[in-house]
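Chains as they are written, first to last, in our numbering: chain A, 1 to 222; chain B, 1001 to 1417. Virtual Cβ for every residue (Gly too), placed ideally from N, Cα, C. As the structure is a computational prediction, the values presented were derived from the model and not from experiment.
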């Protein structure tokens, strides 16, 4: 039909933003999950887990959809590899959240009060870092619209710096949480190992969000 | 039916075929040229039909003469052809291009009418009459322009996109910037169209302006355009700022600019493509009327009018349906990109029309879109389309030539009895 329409292909930007949106929704589920863990309610833990599973599946579906629409012959404003890498980091956010929920459900990890006071601030900061990552990804269409114009690039750079600050805050909070955990080692026993795993996974979500930002920064720096 | 029996048979066939060509150009090509504007919401289907009808006709009638001259007699050495050879050959060219056009429509192939007509004329000239009958330097110039026109359009589009990026999109208040610079783009488009049309372009309606007069007229036309632009840009309802789509307001104003360039594309298309239908007809009319074949007579206005009318009827009868299908799909090309690409393509085509070079509108537009893509303005371009077009570019010429040789002998057998 119209050759111009065949030439200009559907942009993957909106699906990527949608994917990040779902991944961050998934990461946000950590907070209600912690509540459920504190109340030691198996039913509500399972409920949180199934919601996380659902979001992870949704993210997966979007990822496959994007990948199957990115043949090599496309000429793109953002190169194919960058798009696939960003997509992978975003997807890992949902995957890691799923790992946490899985372990919590399988081993019935009920959260003790003392531990919650140090894990909750960490989780909140992590969620904030994920949301900042989403804000950065939401600028992708504006970056394209301005053709990677200087003022838009500067704006995104500033947002990525903020993301870095949030991530380094989570490092400190992770350190605190781990120290609290090890001070409780004698009463927790073997569970200490699993709690340590959960703390690392939660902190890892912020790392992944930062990696999304850093990958984008490499792109706009060129 | 005494009237019809008075018209010589070749002329009747030629008129029918030429009308079919013009009809088909209107029905298919125009939808291609205007589709992006409909898809991006810049024009409604009805609006696109009206704009296309007005500007296609204006382009064909006011600026279509140069290319028509080239198609009529530029590619062949007229002193080596006799009257009958020219008549059979031009009929064969129309029939060949018409057949290809039907095939292209049927199978959805990216075939250019321009390429088929040029291939057909060179084909019958070289094979049926003799290698020497073809004006090879001219043909080479045309073939080279098929490479240079998309390239030029691409370079211009790249430049225009950089320009709107630095003057509008990259500024802190892009809406204010586009209100300021929008009318300047209107000035530019009207000025170029004016210059191309007025400078020695209107001989056939007895208006022969020198450069100074044409410049003055074009500047006046440019200011008129700027005024129209300012008026429409001010009227745009830009709506509220959406923090997630901060450039929606600017794009809404770009819609006005894209409508402008859609008009320019329609004008340019009319000025270049009408020749594909009318050039061979004009040659046959001259031959039938026994005018000296090498004479430098300008193309008669009534022929250009017929071509323009054919395009408009094609639009109204079939183009509407084509446009409906194109328009239902939302184009990924946003108004600012569509504007940059169309402005570049229209400038290139109008320039080629003024120089009398038949080029392909679609190929030029594709080149322009690639130019915007190279400026990192478009997220994803499918390079296979470029490959398809290159392939059809190469395939069209021998097929058109072979068909035309076949039709040449067909018409010779039919009419020389």
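CB contact flag (residue i, residue j, <8 Å)
i	j	result
residue 1113 of chain B	residue 1279 of chain B	no
residue 86 of chain A	residue 12 of chain A	no
residue 90 of chain A	residue 196 of chain A	no
residue 6 of chain A	residue 1082 of chain B	no
residue 1303 of chain B	residue 1048 of chain B	no
residue 1349 of chain B	residue 1110 of chain B	no
residue 1092 of chain B	residue 1063 of chain B	no
residue 1332 of chain B	residue 10 of chain A	yes
residue 1128 of chain B	residue 1408 of chain B	yes
residue 1359 of chain B	residue 1149 of chain B	yes
residue 1061 of chain B	residue 1356 of chain B	no
residue 1299 of chain B	residue 1282 of chain B	yes
residue 1175 of chain B	residue 1050 of chain B	no
residue 1346 of chain B	residue 1116 of chain B	no
Chain B within 8 Å of residue i, Cβ atoms only
i	result
residue 65 of chain A	no
residue 215 of chain A	no
residue 125 of chain A	no
residue 3 of chain A	yes
Cβ-based burial, residue i [other Cβ within 10 Å; buried from 16]
i	result
residue 117 of chain A	exposed
residue 69 of chain A	exposed
residue 1001 of chain B	Confidence is the limiting factor: at residue 1001 of chain B the pLDDT is only 41, short of 50, which leaves the residue's position unreliable, though a coordinate-based value still follows. With fewer than 16 Cβ atoms within 10 Å of its Cβ, residue 1001 of chain B is classed as exposed.
residue 1272 of chain B	buried
residue 1123 of chain B	buried
residue 3 of chain A	buried
residue 98 of chain A	buried
residue 134 of chain A	buried
residue 1213 of chain B	exposed
residue 64 of chain A	exposed
residue 1131 of chain B	exposed
residue 1053 of chain B	buried
residue 1286 of chain B	buried
residue 1276 of chain B	buried
residue 1072 of chain B	buried
residue 139 of chain A	buried
residue 234 of chain A	Given that chain A is displayed from residue 1 to residue 222, the structure contains no residue 234 of chain A and the question cannot be resolved.
residue 1251 of chain B	buried
residue 1231 of chain B	exposed
CB-CB length for residue i against residue j, believed under 8 Å
i	j	result
residue 1245 of chain B	residue 1361 of chain B	That pair is no contact at about 32 Å.
residue 136 of chain A	residue 1369 of chain B	About 29 Å; that fails the 8 Å criterion.
residue 1087 of chain B	residue 1288 of chain B	7 Å
residue 1353 of chain B	residue 1066 of chain B	6 Å
residue 1186 of chain B	residue 1238 of chain B	Actually they do not touch by this definition, with Cβ atoms about 18 Å apart.
residue 1143 of chain B	residue 1076 of chain B	Not confirmed; about 15 Å, so no contact.
residue 215 of chain A	residue 82 of chain A	6 Å
residue 170 of chain A	residue 203 of chain A	6 Å
residue 122 of chain A	residue 181 of chain A	Their Cβ separation, rounded to whole angstroms, is 11 Å, which puts residue 122 of chain A and residue 181 of chain A out of contact at 8 Å.
residue 1315 of chain B	residue 1103 of chain B	Not a contact, Cβ separation roughly 21 Å.
CB contact below 8 Å: residue i versus chain A
i	result
residue 1176 of chain B	no
residue 1134 of chain B	no
residue 1150 of chain B	no
residue 1247 of chain B	yes
residue 1110 of chain B	yes
residue 1207 of chain B	no
residue 1373 of chain B	yes
residue 1026 of chain B	no
residue 1062 of chain B	no
residue 1113 of chain B	no
residue 1244 of chain B	yes
residue 1260 of chain B	no
residue 1288 of chain B	no
residue 1366 of chain B	yes
residue 1369 of chain B	yes
residue 1362 of chain B	yes
(Q) If the cut-off is 9 Å on Cβ atoms, which residues from the region 1376-1387 of chain B count as contacting chain A, listed in chain order? (A) 1376, 1377, 1378, 1379, 1380, 1381, 1382, 1383, 1384, 1385, 1386 and 1387
Q: Taking a Cβ distance cut-off of 7 Å, strictly less, list which residues of the region 6-30 of chain A are near chain B, in chain order.
A: 6, 7, 8, 9, 10, 11, 12 and 13
Q: Please list the residues of the region 139-161 of chain A that have a C-beta atom closer than 8 Å to any C-beta atom in chain B, keeping them in chain order.
A: 141, 142, 144, 145, 146, 147, 148, 149, 150, 151 and 152
(Q) Give me the subset of the region 1086-1108 of chain B whose CB atoms are less than 9 Å from a CB atom of chain A, sorted by chain position. (A) 1108
Q: Return the residues of the region 1153-1182 of chain B that lie within a Cβ-Cβ distance of less than 7 Å from chain A, sorted by chain order.
A: 1161, 1165, 1169, 1170 and 1172
Q) Using a Cβ cut-off of 9 Å, which residues of the region 71-83 of chain A contact any Cβ in chain B, in chain order? A) 71, 73, 74, 75, 76, 77 and 78
Q) What residues in the region 1387-1404 of chain B have a beta carbon less than 9 Å from any beta carbon of chain A? A) 1387, 1388 and 1389
Q: Please list the residues of the region 1033-1064 of chain B that have a C-beta atom closer than 7 Å to any C-beta atom in chain A, keeping them in chain order.
A: 1035, 1036 and 1039
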